[in-house]
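Colleague:
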DNA sequence: CGCCGGACTTGATTCCGGTCAAAGCCCGCT
DNA sequence: AGCGGGCTTTGACCGGAATCAAGTCCGGCG
């Protein structure tokens, strides 16, 4: 058990899960931990693509700016998620920390060399990328076809599940307090809505007794079944 | 040059591009060509995931049905595109031919075995999946933030580019006749709009002299720059 | 050649979510 | 505790796309 196991947080969910000890040692030599403050960016769209990373803690977003100026978040990154696009020359999206976050950074070139020498690593990354593609396609369906309330319900359910998986406090139990990693503006950017609409829809869910809020970031799911029904409704 | 090279259409863009002759022979032994009529489906969401395939000709769509009944197309598949999700147990989306199409099918288990034995294959699939993820994320931005006219312009430009790349007749030249692989309904499913809105927006583009239509499927881009400007506009 | 059916277009109206504007509230700071 | 500023809520109004409802056109077939 070398130190890199910690670095990758949850051993069996991380990229490094299947590596032998020699490879783990090599990875730990290549990786560099870095803390990010909330709002701090790791890279911007168009930058030279020089790094890959693993999320150790916190939540980050992947986003693009439209030519006309408003933002669309195309993905959220939780602990054990992978950052970066091997083999590409430039970076496709901004990556910004939503909360305080910590990542384990690898320079892209040596990371690619590690992949060539450890096929398990490449295989892990392939499976992960396929899942991410699937996740992204499911979100396409939300943005293309679902109402504001269904989108919001979907986001809340997704956050709840991801927070529970990464052991960041939440649990699937009813009434558990979840600390939202996003502001209203950031939620609007994910959902393809405006901040006002997000606020109104949260209000409706509260009025219906489906959720309760606590301060700006705190949230409790009181009626999971109702929330799921709203997500599935058109 | 074994027969499989034909199967994969464009050698250097296909999955098999980097395989040695022995592996190519093996691939050709495993693959089975299949023709699909327009409208015919290869698989449905929820099916057991038993196959992978390469698109040889024609255009197919990847789509999901919302619980409430309407369809969202989450991706279009052109010649040399890969179909399937190795390592997954079930199928995530319906796959349906939009035009007459031809695919080269592999059973999933032997395909995965081939991947394990030919790391170039795995590497190719990884790069391809990363590109596809990027494509999907860019489309998220369209569905989340763009108006009907910008979405339509984006789709037309994408179709034009993909048809040109796959040598299916179109060319980037002004006024070239493109045969649209989709009906209005199918365009609406991709764009997250209704058929009426698609029709109206096509009308506007015609009135503005940006495009011209020829029958139901024929289309000419008369002012590429204007079309691109509309795509980039909010 | 004319008919038929499905795809497409066009028009009238409705409604969801955006926009603009004005409070209200949380929370860190002094 | 009091204050200030940014985040959030709430309200009035507007507009773009959906919906509902006729038509019209293309293309295949007898």
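Residue numbers (full-length UniProt numbering), protein chains in the order written: chain R, 1 to 234; chain Z, 1 to 234.
Where is the CB? At the ideal position from N, CA and C, for every residue including glycine.
1) Can you confirm whether residue 175 (chain R), when its beta carbon is compared against all beta carbons of chain Z, has any partner nearer than 8 Å?
2) Whole-angstrom Cβ separation of residue 98 (chain Z) and residue 186 (chain Z), contact assumed at under 8 Å?
3) Could you tell me whether any Cβ in chain R is nearer than 8 Å to the Cβ of residue 119 (chain Z)?
4) Rounded to whole angstroms, what is the Cα-Cα separation between residue 5 (chain R) and residue 106 (chain R)?
5) Within the continuous alpha helix (DSSP H) that includes residue 100 (chain R), where are the two ends?
6) Would you tell me roughly how many angstroms separate the C-alpha atoms of residue 170 (chain Z) and residue 177 (chain Z), rounded to the nearest one?
7) What does residue 72 (chain R) touch in chain Z if you count any residue whose Cβ is under 8 Å from its own?
8) Mind checking the segment 85-96 of chain Z against chain R and listing, in chain order, the residues whose C-beta falls within less than 8 Å of any C-beta there?
9) On the DSSP letters alone, give me the boundaries of the beta strand (DSSP E) that residue 212 (chain R) sits inside.
10) Check whether the segment 105-125 of chain R touches the segment 14-21 of chain R, counting contact only when three or more Cβ pairs, one atom from each stretch, lie closer than 8 Å.
11) Give me the Cα-Cα distance between residue 212 (chain R) and residue 28 (chain Z), rounded to the nearest whole angstrom.
12) Indicate the three-state DSSP secondary structure (helix, strand or coil) for residue 174 (chain R) in the structure shown.
13) Taking the alpha carbon of residue 103 (chain R) as the reference point, which residue from R:33, R:138, R:114 and R:152 has its own alpha carbon closest?
14) Looking at residue 224 (chain Z): is its Cβ nearer than 8 Å to the Cβ of residue 59 (chain Z)?
15) Ignoring anything shorter than 3 residues or poking outside the segment 5-59 of chain R, list the beta strand (DSSP E) runs there in chain order.
16) Within its chain, find whatever has a CB closer than 8 Å to the CB of residue 41 (chain Z); leave out the 5 residues flanking it on each side and keep chain order.
17) Are there 16 or more other CB atoms within 10 angstroms of the CB of residue 86 (chain R), so buried, or fewer, so exposed?
18) Can you pull the chain Z neighbours of residue 232 (chain R), defined as C-beta to C-beta under 7 Å?
19) Using a Cβ-Cβ cutoff of less than 8 Å, which residues in the same chain neighbour residue 116 (chain Z) once the five nearest sequence positions on both sides are dropped?
20) If we ignore side chains and look at the alpha-carbon of each, how far apart do residue 146 (chain R) and residue 154 (chain Z) end up?
21) Can you find a C-beta in chain Z that's less than 8 Å from the C-beta of residue 236 (chain R)?
22) When we look at the beta-carbon of residue 189 (chain Z) and count the other beta-carbons within 10 Å, is it buried (16 or more) or exposed?
23) Does the Cβ-Cβ distance between residue 129 (chain R) and residue 24 (chain Z) come in under 8 Å?
24) If residue 52 (chain R) and residue 108 (chain R) are in contact, beta carbons under 8 Å, what's the gap, nearest whole angstrom?
25) On the CB-based measure, 16 or more other CB atoms within 10 Å of its CB, does residue 221 (chain Z) come out buried or exposed?
26) Starting from the C-beta of residue 71 (chain Z), find all residues in its chain whose C-beta is less than 6 Å away, skip the five residues before and the five after it, and write them out in chain order.
27) Measuring CB to CB, does residue 141 (chain R) end up less than 8 Å from residue 144 (chain Z)?
28) Note down, in chain order, each residue of its chain lying with its Cβ closer than 8 Å to the Cβ of residue 227 (chain R), except the 5 sequence neighbours on either side.
29) Give the residues of chain R in contact with residue 75 (chain Z), contact being defined as C-beta atoms less than 8 Å apart.
30) Along chain R, which residues have their Cβ under 9 Å away from the Cβ of residue 134 (chain Z)?
31) For a test of the three-state rule: what should DSSP assign to residue 81 (chain R), helix, strand or coil?
Modeller: In this structure, then:
1) no
2) 6 Å
3) yes
4) Residue confidence is low: residue 5 (chain R) scores 44 on pLDDT, short of 50, so the model does not pin down where it sits. No coordinate-derived value is stated.
5) Looking at the DSSP string, residue 100 (chain R) is not in any alpha helix (DSSP H), and its letter there is neither H nor E.
6) Reliability fails at residue 170 (chain Z), whose pLDDT of 48 lies under 50, so the model's placement of it is uncertain and the value that follows must be treated cautiously. Distance between the alpha carbons of residue 170 (chain Z) and residue 177 (chain Z) is about 7 Å.
7) Here the neighbours are 140, 141, 144 and 145.
8) 85, 86, 87, 88, 92 and 93
9) 211-214
10) Three or more beta-carbon pairs drawn from the segment 105-125 of chain R and the segment 14-21 of chain R are found closer than 8 Å, and the two stretches are therefore classed as touching.
11) 59 Å
12) In the structure shown, the three-state DSSP call for residue 174 (chain R) is coil.
13) R:33
14) no
15) 32-36, 41-43 and 51-57
16) 94, 95, 96 and 97
17) buried
18) 67
19) 122
20) 21 Å
21) Absent from the model: residue 236 (chain R). The displayed extent of chain R is 1 to 234, so no value can be given.
22) buried
23) no
24) 6 Å
25) buried
26) 63, 65 and 189
27) no
28) Cβ within range, chain order: 153, 156, 157, 205, 210, 211 and 221.
29) 137
30) 85, 88, 92 and 93
31) coil
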